[in-house]
Structure formats: structure tokens, C-alpha cells
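Here the sequence shown stands for residues 529 to 992, where the numbers follow the working numbering.
Ideal placement from N, C-alpha and C gives every residue a C-beta, glycine not left out.
These figures come from a predicted structure and were not determined experimentally.
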Amino acid sequence: MRLGPSSSALRPGPGKVPAPNYIWRSRGAAVPLLSLPRSGTGATSIPEAEAPLARTDPCVNGDAQAHEYEFLSARRLNVGDAKHPIPLNVLDWESRRYNSTASNMKETKTIVMQRLSFGGKLDMLPALASIVTVGILSVLSGFIRSTKDAPSLYLHIAYAVLRRATKRLSVLQLQWISPPTDKMYERYARSARVTPQTVDLGIHGAKGHWIGNKNAKHVLIWYHGGGFCLPANLGYFKFWADVVSSSRAAGKDVAVFALTYTLAPHARYPTQLTQAVEALRYVLAQKRQRPSQIFLGGDSAGGNLAVGVLSHLAHPHPAIQELKLEEPLAGTALIAPWTSLDENHSQEKVYSGGDLITPFVGKPWSRHYLNGTARDYYTDASLAPSSWFETYPVKQILVLGGGNEVLLPIIEDFVEKLKGGFPSVEFFIGKREAHVAPVYNLYVGDSTETQQGKKLKTWLKELL
């Protein structure tokens with residue numbers, strides 16, 4: 529279902545929800561929004577026929593168990609205007625509690641940790657055999673590569689293994705064999721012989737990790753990818769460290785602040801977007817850098833979050849505390865942003881033999897991230913009109929993509945729409961490069977500098 533101005537069933541209508549001081553609650557029962565008590569001035573502009581209903585919501589694991597929802601005070605439910613109506617299916621937002629006596633939000637329990645079953649662990653054996661078989665066969669096919677395939681035999685084999693792994697293994701199986709982001713940061717710090725500098729952001733266990741000097745003149749806040757389901761691997765930390773050292777060699781002062789957010793399916797949207805916003809809020813609160821000295825960055829699903837943060841800054845999300853900037857951010861770098869959560873991109877008819885993912889990965893990963901919540905312009909910027917991007921508070925945006933990646937048609941469509949509302953966009957495609965090649969090439973052991981990585985570092989140094 530495409531959400532937007534034409535989706536009258538979800539359109540809240542013009543105006544804003546007023547500010548009565550109460551919290552809406554539902555315990556499984558269907559309660560019409562307009563039947564709830566009101567106080568304060570003004571009246572909601574949502575037509576009664578379009579009032580969303582409270583409903584029983586399934587747990588993350590699919591069990592039909594009622595949750596108690598605690599919503600923001602309506603003073604925080606700014607749902608858009610006539611030009612950009614935001615779909616207001618409020619009961620699809622994460623459980624939140626607004627403390628009306630303070631300016632901050634306090635979280636309710638939204639994390640449902642899931643563990644890999646015994647059967648899932650046993651299945652790892654045939655899965656491993658399947659992955660190894662594909663790797664062996666790719667050695668043979670690697671000798672007849674075309675320009676649509678990886679540029680080297682080594683990457684050809686590595687990409688084949690990654691494609692098979694991400695398609696054959698479930699999300700929980702992939703998480704079971706992947707060290708958490710926090711552990712990878714500790715491993716990186718030991719190898720780099722630096723003292724770990726981790727900040728607890730105080731929201732669902734979200735943390736920020738400093739790479740470089742946290743007192744640097746500029747900061748690049750980065751949201752890692754992985755379909756919202758996978759942690760940041762060691763390739764990310766190598767990439768971030770390279771960005772910092774490259775800038776330092778050019779006489780530029782920048783540090784990376786990398787976010788550890790809660791992975792799906794243990795939490796669903798908008799938890800991860802909330803954590804991404806809080807990472808920016810934290811950096812701003814330290815008052816070491818002005819907004820004009822802060823960059824946002826993200827790859828794949830992390831690119832989705834970076835765009836979502838810009839959307840929240842321009843059009844406050846109804847379930848996330850507003851964040852106002854006194855000036856625009858310095859820039860935003862997006863590597864292969866996943867801005868369309870369609871479950872299956874196979875209709876694009878793209879060749880995946882030169883990439884490290886297949887067109888089918890979107891189905892399980894987007895389902896785990898959304899978990900029944902409605903898609904909107906924050907989850908799917910590709911669905912937004914160009915006018916949505918006009919008020920993005922950032923000076924420049926760089927979008928990078930690989931010439932061999934399956935998401936390239938989606939990235940190109942997004943860039944075209946983005947430029948329609950925000951002209952200060954530069955788009956660069958790395959020839960014969962795969963999805964998020966600057967990170968994943970390092971992850972598989974290929975340290976050859978990618979075209980995308982070189983472009984990002986050049987762009988960043990020019991703006992520092």
C-alpha cells in the first residue's frame with residue numbers, strides 16, 4: 529500500500545492535534561480516538577470517520593497478546609499540515625510515555641528479546657554446508673566473470689558467500705553468529721590500541737561509540753546498515769577509522785560518533801529512528817559542536833535512518849520528541865540508502881551476481897523492522913513528494929551507490945525525487961561496485977580503496 533496524500537483512509541486532515549494533558553491508554557479493547565476525553569483548547573481536526581482505533585497488537589514474536597499502549601501527550605502529536613499530511617495510525621507507533629512535567633520523553637517497555645530456537649541452531653549445519661557449496665562453485669564461475677560481476681575473483685567468491693548466507697539464514701541465525709556492535713567496537717579499540725569511549729544514550733540500550741577525538745571540531749554521526757537486523761561488523765570500524773585518519777592527514781579535524789541501535793525483530797519502528805534522533809540530540813547537547821559542524825551519515829538501512837532524522841527535523845514525527853536546530857547541519861552522506869521498504873524488489877529485473885545481497889532480502893528484514901506498523905514518509909522516503917524534502921535543515925547531501933548493486937534503480941529514483949525538492953544533492957556511482965562496498969569489502973578482507981569510499985572522503989574534506 530502506498531502511503532501519501534492520496535491515502536485518504538490514513539490522512540489526518542489539515543491542522544494539528546491540540547495539547548490536552550492526558551495520556552491515551554488501551555488494553556486490547558478497540559477505543560475510538562474521538563471517544564477519549566479531551567481537555568485544553570482547540571479540538572482535533574481528524575474527522576470522526578477517519579479516527580484511528582486502538583487495537584490488540586501482536587507481540588514481536590507473532591503471539592496475539594495485548595499490549596498496553598501509552599502514547600505521547602497530544603501536545604507532541606504534530607501530525608503535519610495540509611501540504612504534507614502525515615499518515616496518523618497512532619496505534620502503530622511504538623509504546624511511549626510522555627512525562628508532562630519534564631521536557632523529555634521516557635520510554636515504556638518496547639523491547640521483546642527473541643532467541644534462536646534449538647531447531648534454528650541445528651539448521652545451521654545444513655545452512656553452512658549450503659554456503660560452503662556455493663563458495664566452491666563460485667570459484668569455477670569466477671573465471672568467466674563479466675563486467676556485471678565483481679571486479680576480482682576474490683570479491684566474486686566473497687559476494688557469492690554473502691548472498692547465499694543472507695538468503696539462506698534467518699535473521700536470528702545471522703544475529704546468532706554475528707557479534708554485537710558493542711563487542712565489535714571493543715575489539716576494534718583493542719586492535720587500534722585506543723581507549724573505548726562509549727556513551728549510554730538512555731533509550732532502550734542505545735549507545736554511541738566515538739572513533740577519533742570526541743572534542744574534534746566536526747562530528748560525523750553514522751547509522752550503520754544491515755537491514756535494521758544486523759550489527760555493525762569490523763568493516764564499519766575500519767571504514768570509520770579510515771575516514772577520520774584521512775581527514776586528519778589533510779589537516780581536517782573530525783570524529784565519528786557511531787550509534788548502536790536496537791536491532792529488529794527485538795524492537796520495531798519507530799524505536800530505531802527515535803534512537804537515531806537521540807544520537808544527534810546528545811551530540812548537540814554537549815555543545816562542543818554547532819549544527820553547522822555536524823554531519824549525518826548512513827548506509828543501507830542506516831541511510832534510511834539518516835534520511836528519517838532529516839525528515840523528523842523538517843516534519844516532527846508524532847511519536848518522537850521534536851528537535852529544533854538553530855542552523856542547518858553541515859551535510860549528510862548516504863551510501864546506498866534503503867528508502868523503499870517494498871518486500872520484494874525482484875520486479876526491478878536487476879542482475880544480482882555482482883552484488884552481495886539479492887533482491888529478496890527486503891521481505892524478511894522490512895517485515896521484522898515494521899512488524900505490522902504502517903509505512904510512511906519516515907520509513908519510505910521514496911514515497912514522499914519532492915516538496916517533502918524542501919525544508920531539510922542540511923547544507924548538502926551526498927548519495928553514493930554501486931554500479932552492480934540490486935538497489936541501484938531504487939536509489940536513482942530516490943535521488944531524482946530528492947533533487948526535485950532539495951537541489952544541493954550530489955550523486956555518485958562506483959563502477960562495478962556492490963552494495964555498501966566501502967564497508968563490506970573491508971569486512972571480507974579486501975583493503976583496496978573503493979570509488980565510493982574515496983568520493984565520500986573527498987566530499988567530506990571539502991566541507992570540513
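Spatially closest choice to residue i from the options, by CA coordinates
| i | options | result |
| --- | --- | --- |
| N899 | Y797, L644, T986 and F917 | Y797 |
| T986 | E940, G973 and S774 | S774 |
| R692 | L700, V660, W738 and G763 | V660 |
| Q803 | K815, A786 and L681 | A786 |
| A744 | P865, Q701 and Q821 | Q821 |
| G740 | G733, G730, F756 and V722 | V722 |
| P793 | Y906, A678, R895 and L988 | R895 |
| R809 | E850, G836 and G779 | E850 |
| Y789 | A861, V835 and T709 | T709 |
| C757 | P707, D770, V805 and E714 | P707 |
| Q979 | K959, L992, E990 and L988 | K959 |
| L697 | Y716, F942, A834 and L644 | L644 |
| G830 | V771, D651 and Y897 | Y897 |
| L729 | I664, A813 and L650 | A813 |
| L700 | Y716, A769, A657 and G648 | G648 |
| L838 | I925, M641 and W738 | I925 |
| W738 | D651, V811 and L988 | V811 |
| H843 | K815, V772, F823 and Y905 | Y905 |
| S719 | P679, A760 and A769 | A769 |
Neighbour-count burial assignment, residue i, 16 or more Cβ in a 10 Å radius
| i | result |
| --- | --- |
| L672 | Inspection of the sequence shows that residue 672 is occupied by Ile rather than by Leu. Result: exposed. |
| M529 | The pLDDT assigned to M529 is 35, lower than 50, so where the model puts this residue is not dependable, and the model offers no usable value. |
| Q800 | buried |
| T976 | exposed |
| M712 | buried |
| I705 | exposed |
| G826 | buried |
| E806 | buried |
| F646 | exposed |
| D677 | buried |
| G981 | buried |
| P995 | Outside the shown range of the chain (529 to 992) lies residue 995, about which nothing can therefore be said. |
| A657 | exposed |
| S631 | Below a pLDDT of 50, predicted positions are generally treated as unreliable, and S631, at 32, falls in that range; the measurement from the model is reported next regardless. Exposed. |
| K983 | buried |
| T860 | buried |
| A760 | buried |
| I664 | exposed |
| G836 | buried |
| A912 | buried |
| L824 | buried |
Same chain, Cβ closer than 6 Å to residue i, five either side skipped, listed in chain order
| i | result |
| --- | --- |
| Q817 | V747 |
| V727 | G736 |
| K945 | S914 |
| E578 | Only weak support is given to the placement of E578: the predicted model assigns it a pLDDT of 29, under 50, and the value that follows is read from those uncertain coordinates. Cβ within range, chain order: n/a, list empty. |
| S828 | G753, A864, W866 and V964 |
| F950 | F917 and Y920 |
| F956 | L928 and K983 |
7 Å Cβ shell around residue i - same chain, five flanking residues per side excluded
| i | result |
| --- | --- |
| K742 | Q725 and A783 |
| S868 | D908, S910 and I938 |
| V667 | I685 |
| D870 | G890 |
| G681 | The residue you asked about is not Gly; residue 681 is Leu in the sequence shown. Around L681: G670. |
| D941 | S910 |
| L841 | L851, L853 and P921 |
| M652 | Q701 |
| A778 | K989 |
Chain-order list of residues whose beta-carbon lies under 8 Å from that of residue i (same chain, five-residue window excluded)
| i | result |
| --- | --- |
| L683 | A962, N969, V972 and D974 |
| V878 | P887, V934, L936 and P937 |
| L702 | A693, T694, C757 and L758 |
Minimum Cβ-Cβ distance from residue i to chain D less than 8 Å
| i | result |
| --- | --- |
| L853 | Checking the listed chains, one finds no chain D in this structure; it contains a single protein chain. |
So does the segment 914–928 actually touch the segment 850–858, counting three or more Cβ pairs closer than 8 Å?
-> yes
Would you mind listing the beta strand (DSSP E) stretches within the segment 812–898 that are 3+ residues and don't spill past its ends, in chain order?
-> Whole beta strand (DSSP E) segments, 3+ residues: 822–827 and 859–863.
Where in the segment 895–963 do unbroken runs of the alpha helix (DSSP H), each at least 4 residues long, occur, reported from the N-terminal end onward?
-> Taken in chain order, the unbroken stretches of alpha helix (DSSP H) that lie wholly in the segment 895–963 and span 4 residues or more are 936–949.
Any chance you could list the beta strand (DSSP E) runs of at least 3 consecutive residues sitting entirely within the segment 666–728, in chain order?
-> 726–728
Cβ pair count under 8 Å reaching 3, the segment 924–938 against the segment 960–974 | yes
Touch check for the segment 679–695 and the segment 882–891: three-plus C-beta pairs under 8 Å?
-> yes
Touching or not, the segment 748–765 and the segment 967–978, by the rule of three or more beta carbon pairs under 8 Å?
-> Because the criterion of three Cβ pairs below 8 Å is met, the segment 748–765 and the segment 967–978 touch.
Is there contact here, the segment 760–779 with the segment 900–911, by at least three beta-carbon pairs under 8 Å?
-> The segment 760–779, when compared against the segment 900–911, does not touch it at the 8 Å Cβ threshold.
Mind listing, in chain order, the continuous beta strand (DSSP E) runs of no fewer than 3 residues lying wholly within the segment 733–783?
-> 735–739 and 746–751
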